[in-house]
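Worksheet for the structure shown next.
Protein chains: 2
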Amino acid sequence: MDVQSLLNLTEKTLDEVMPRADERPSVLHEAMRYAVGTGGKRIRPLVCLASAVAVGGRAEDARYPAAAIELLHNYTLVHDDLPSMDNDTERRGKPSVWAKFGEANATLAGDALQALAFWAAAKAPRNAGEIVAALGKAGVGVVRGQVEDVAASGERGTDDVDFIYTHKTADLFIAAATMGGYAGGGSEADVVALGKFALNLGLAFQYEDDLLDGDSPFPKEKTEALVREATGAAIAALASLPGDTSFLKSLAERLVGRKS
Amino acid sequence: MDVQSLLNLTEKTLDEVMPRADERPSVLHEAMRYAVGTGGKRIRPLVCLASAVAVGGRAEDARYPAAAIELLHNYTLVHDDLPSMDNDTERRGKPSVWAKFGEANATLAGDALQALAFWAAAKAPRNAGEIVAALGKAGVGVVRGQVEDVAASGERGTDDVDFIYTHKTADLFIAAATMGGYAGGGSEADVVALGKFALNLGLAFQYEDDLLDGDSPFPKEKTEALVREATGAAIAALASLPGDTSFLKSLAERLVGRKS
Chain Z
1 MDVQSLLNLT EKTLDEVMPR ADERPSVLHE AMRYAVGTGG KRIRPLVCLA
51 SAVAVGGRAE DARYPAAAIE LLHNYTLVHD DLPSMDNDTE RRGKPSVWAK
101 FGEANATLAG DALQALAFWA AAKAPRNAGE IVAALGKAGV GVVRGQVEDV
151 AASGERGTDD VDFIYTHKTA DLFIAAATMG GYAGGGSEAD VVALGKFALN
201 LGLAFQYEDD LLDGDSPFPK EKTEALVREA TGAAIAALAS LPGDTSFLKS
251 LAERLVGRKS
Chain H
1 MDVQSLLNLT EKTLDEVMPR ADERPSVLHE AMRYAVGTGG KRIRPLVCLA
51 SAVAVGGRAE DARYPAAAIE LLHNYTLVHD DLPSMDNDTE RRGKPSVWAK
101 FGEANATLAG DALQALAFWA AAKAPRNAGE IVAALGKAGV GVVRGQVEDV
151 AASGERGTDD VDFIYTHKTA DLFIAAATMG GYAGGGSEAD VVALGKFALN
201 LGLAFQYEDD LLDGDSPFPK EKTEALVREA TGAAIAALAS LPGDTSFLKS
251 LAERLVGRKS
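Chains as they are written, first to last, in our numbering: chain Z, 1 to 260; chain H, 1 to 260.
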């Protein structure tokens, strides 16, 4: 299992579930495809696919949940960029969805991407109920984190940071991993272990993001220690899993000290 | 099975799945509860619960899908009212969600209601995958209808009206009925018949709405004929169902000539 084949599986599945731009209304479908793009890092789908393998299943079993988590993630970016939220006109060096397609179309494209995410998740060949419940929990959680992020834009205590990072960032990683575990046929204990892995991976990812942005709520040394601690906890959580966890482990290791 | 007990089941289930207003962030949860309200007509949940009965199942089996369709419907209203869309400051005689809680919170409350809808739908005791797929299809469809509605606000051909009414209105009725059919343990043929019923019910509902608003795209007589035709087609579609269809039939009949 190499990264490139997992990325190919992700792109193929995303393309399969997304509506064609020549279907009516084309502006909606163009905006949806623009939002999801192609060739991104696709970290959450990789976590999802590798989690199916980590419980002894096949990456292929998790391809619809993997597409689903990327669709959900991208809808949140579309809405976060809106004028009433972060008012960002650029994303990944290109015009944001609302800057290109207008505010109403961006709101609606985000809405449709979220619905499509759940539709895709339900196509998982087993445990569809558990998989959709995990995605739904994350879908609510990510909004809870965003509301607190917008509200607590001034002074932040450690509690605020914990709440925002857990929900705004880690909840999607948790959904990615647990959906992958369910899709791969893992036990409840496997899914719990994957949730613990993903919570810590998500926190490490967010702390590392803060370091890259030079915008951490804590002093640099403390944030670096938090990255190491969370990465260690993530890797430790993999010990009980019955399948090949090498990809999840290397993913966690690569997040430490990444450059973008 | 009387209407009041079905309405009680709907309200109880909505209250059960909605986050408490004292959970963090309370502004989000207040906005979500404000959006969904209490004691509305709850037509879509009634269709869902009665569809479970119409295939020979119990209304209780469909209570989570019934709550789900109401949550999804209400999120669409919250987003439709936004300044970038219809810019409505009132809804049901009260301030719209964005007028009361601000634009960012309204966008986010709508987003969370959509996620919660899918989370609730996945709690159905059987056929969760089919149920969520039906809701997901409607979730994308309703946005397709809304995009065309915003785009085709001037001259509209019959094709435009068909597309908008089918997707913006009927898709949610179709999801309500087919989810109820799956939750009640209906056969594929039962679910197809329920879909046909609900498409026509949704169209009749929308034409009747146009008559009540005095805002039909067609002459009054033609719209009245369309209501009768769609109502008849809806009722005819119930013939093959194995359970008690009397409630669905009376629901269709009551839509004709309703006063609000």
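The beta carbon of each residue, even a glycine, is placed where N, CA and C say it ideally should be.
What residues match up with R91(H) in a beta bridge as DSSP calls it? Taking the second sequence and counting its residues from 1, the one referred to as residue 91(H) is at position 91. Partner(s): K94(H).
Let me see if you follow: with CB-CB separation under 8 Å, is G136(Z) close to chain H or not? Looking up residue 136(Z) in the first sequence gives position 136. Closer than 8 Å: yes.
Below-8 Å beta-carbon distance, S96(H) vs any chain Z residue: Residue 96(H) sits at position 96 when you count from the first residue of the second sequence. Cβ-Cβ to chain Z under 8 Å: no for S96(H).
For the 8 Å Cβ check, are there 3 or more pairs between the stretch 29-49 of chain H and the stretch 66-84 of chain H? Yes: at least three Cβ pairs fall under 8 Å.
Within 10 angstroms of the Cβ of Q269(Z), are there 16 or more other Cβ atoms? Answer buried if so, exposed if not. No information on residue 269(Z) is available, as it lies outside the stretch 1 to 260 that chain Z covers here.
Backbone CA spacing between G102(H) and N87(H) [nearest angstrom]: For this step, residue 102(H) is matched to residue 102 along the second sequence. For this step, residue 87(H) is matched to residue 87 along the second sequence. Cα to Cα, G102(H) sits roughly 12 Å from N87(H).
Could you tell me the boundaries of the alpha helix (DSSP H) in which T13(Z) lies? The residue you call residue 13(Z) lines up with position 13 of the first sequence. In the DSSP assignment, T13(Z) falls within the unbroken alpha helix (DSSP H) covering 3-17.
Any Cβ of chain H within less than 8 Å of the Cβ of G185(Z)? Working through the first sequence from its first residue, we reach residue 185(Z) at position 185. So no, G185(Z) is outside the interface.
Any beta-carbon of chain Z closer than 8 Å to the one on P25(H)? Here residue 25(H) corresponds to residue number 25 of the second sequence, with the count starting at 1. Output row for P25(H): interface = yes.
Look up A261(Z) in the DSSP assignment and say whether it is helix, strand or coil. As displayed, chain Z neither begins before 1 nor continues past 260, which places residue 261(Z) out of reach and without an answer.
State the start and end residues of the unbroken alpha helix (DSSP H) segment that holds A252(H). For this step, residue 252(H) is matched to residue 252 along the second sequence. For A252(H), the enclosing alpha helix (DSSP H) begins and ends at 246-255.
Tell me which residue opens and which closes the alpha helix (DSSP H) that P65(Z) is part of. For this step, residue 65(Z) is matched to residue 65 along the first sequence. It spans 63-80 - the alpha helix (DSSP H) in which P65(Z) sits, taken as one unbroken run.
Proximal residues of chain Z, C-beta to C-beta of L172(H) below 8 Å: As a working note, residue 172(H) is residue 172 in the second sequence. Neighbours of L172(H) on chain Z: none; closest Cβ ~12 Å, over 8 Å.
Is DSSP giving V132(Z) helix, strand or coil here? As a position in the first sequence, residue 132(Z) is number 132, starting the count at 1. Reduced to three states, the DSSP call for V132(Z) is helix.
Let me know if T89(H) comes out buried or exposed under the rule of 16 or more other beta-carbons within 10 Å of its beta-carbon. Start at 1 with the first residue of the second sequence, and residue 89(H) comes out as number 89. Around the beta carbon of T89(H), fewer than 16 other beta carbons sit within 10 angstroms, so the residue counts as exposed.
A230(Z) to N200(Z) span [Cα, whole Å]: Translated into positions along the first sequence, residue 230(Z) becomes position 230. Translated into positions along the first sequence, residue 200(Z) becomes position 200. Those two C-alpha atoms are separated by around 5 Å.
Can you list, in chain order, the residues of its chain whose CB lies under 6 Å from that of P19(Z), leaving out five sequence neighbours each side? For this step, residue 19(Z) is matched to residue 19 along the first sequence. Apart from the 5 residues on each side of it in sequence, P19(Z) sits with its Cβ closer than 6 Å to the Cβ of H29 in its chain, given in chain order.
Whole-angstrom Cβ separation of V78(Z) and L113(Z), contact assumed at under 8 Å? Locating residue 78(Z) in the first sequence gives position 78, where the first residue counts as 1. Locating residue 113(Z) in the first sequence gives position 113, where the first residue counts as 1. The beta-carbon distance between V78(Z) and L113(Z), rounded to whole angstroms, is 7 Å. This is short enough to meet the 8 Å contact definition.
Which stretch, first to last residue, makes up the alpha helix (DSSP H) that contains F197(H)? Counting from one through the second sequence, the residue named residue 197(H) turns up at place 197. Per DSSP, F197(H) belongs to the alpha helix (DSSP H) from 188-213.
Considering only residues of the same chain and omitting the five flanking positions on each side of D244(Z), which have a CB-CB separation below 6 Å? Residue numbering aside, residue 244(Z) sits at position 244 when the first sequence is read from its first letter. Hits under 6 Å: V53.
Local conformation of M85(Z) per DSSP, three classes: For this step, residue 85(Z) is matched to residue 85 along the first sequence. Reduced to three states, the DSSP call for M85(Z) is coil.
Can you give the Cα-Cα distance for I174(Z) and I131(Z), rounded to whole angstroms? For the purposes of this step, residue 174(Z) is taken as residue 174 along the first sequence, with counting starting at 1. For the purposes of this step, residue 131(Z) is taken as residue 131 along the first sequence, with counting starting at 1. Take the alpha-carbon of I174(Z) and the one of I131(Z): they are about 11 Å apart.
Looking only at C-alpha atoms, which of L82(H), A234(H), A204(H) sits nearest to V150(H)? Residue mapping note: residue 150(H) aligns to position 150 of the second sequence, counting from 1. Residue L82(H) is the option with its Cα nearest to V150(H).
Going along chain Z, which residues have a C-beta under 7 Å from M1(H)? Your numbering for residue 1(H) matches position 1 in the second sequence. Result: empty, since nearest Cβ-Cβ is about 26 Å, beyond 7 Å.
Counting only Cβ pairs nearer than 9 Å, list the residues of chain H close to F101(Z). As a first step, residue 101(Z) must be located in the first sequence, where it is residue number 101. Chain H residues near F101(Z): none, gap ~10 Å exceeds 9 Å.
Near A301(Z), which residues of its chain fall below 8 Å by C-beta distance, leaving aside the five closest residues on each side in sequence? Outside the shown range of chain Z, which is 1 to 260, sits residue 301(Z), and nothing can be said about it.
Any beta carbon of chain H sitting closer than 8 Å to that of V150(Z)? Sequence index remark: in the first sequence, residue 150(Z) carries index 150 (1-based). Interface residue, yes.
Is N105(H) close to chain Z, meaning its C-beta is less than 8 Å from at least one C-beta of that chain? Your numbering for residue 105(H) matches position 105 in the second sequence. It does; some Cβ of chain Z falls within 8 Å.
Counting C-beta neighbours from all protein chains within 10 Å, is the total for M179(Z) 16 or more, i.e. buried, or is it exposed? By one-based count along the first sequence, residue 179(Z) stands at place 179. So M179(Z) ends up on the buried side.
Give the secondary structure of E23(H) by DSSP, where H, G and I count as helix, E and B as strand, and everything else as coil. Translated into the one-based positions of the second sequence, residue 23(H) becomes position 23. Per DSSP, reduced to three states, the secondary structure at E23(H) is coil, with no helix or strand assignment.
Within 8 Å (strictly less), CB to CB, does L199(H) reach chain Z? As a working note, residue 199(H) is residue 199 in the second sequence. Not closer than 8 Å to any Cβ of chain Z, the Cβ of L199(H) fails to qualify, so no.
When you compare each of A35(H), V147(H), G186(H) to A287(Z) by their alpha carbons, which one comes out closest? Past the edges of chain Z, shown from 1 to 260, lies residue 287(Z), and the structure says nothing about it.
Strictly under 8 Å for the Cβ-Cβ distance: is D111(Z) near chain H by that measure? What you label residue 111(Z) is simply residue 111 of the first sequence in a count that begins at 1. At least one chain H Cβ lies under 8 Å of D111(Z).
Between A21(H), R42(H), A62(H), A237(H), which lies nearest to K196(H) when the distance is taken from Cα to Cα? Within the second sequence, the letter at position 196 stands for residue 196(H). Out of A21(H), R42(H), A62(H), A237(H), A237(H) has the C-alpha closest to the C-alpha of K196(H).
Along the chain, where does the alpha helix (DSSP H) containing Y173(H) start, and where does it finish? Translated into positions along the second sequence, residue 173(H) becomes position 173. Position check: residue 173(H) holds Phe in this sequence, whereas Tyr was assumed. Counting along the chain, the alpha helix (DSSP H) containing F173(H) begins and ends at 171-183.
Is the CB-CB distance between L241(Z) and V55(Z) below 8 Å? Taking the first residue of the first sequence as position 1, residue 241(Z) is located at position 241. Taking the first residue of the first sequence as position 1, residue 55(Z) is located at position 55. Between L241(Z) and V55(Z), the C-beta spacing is below 8 Å.
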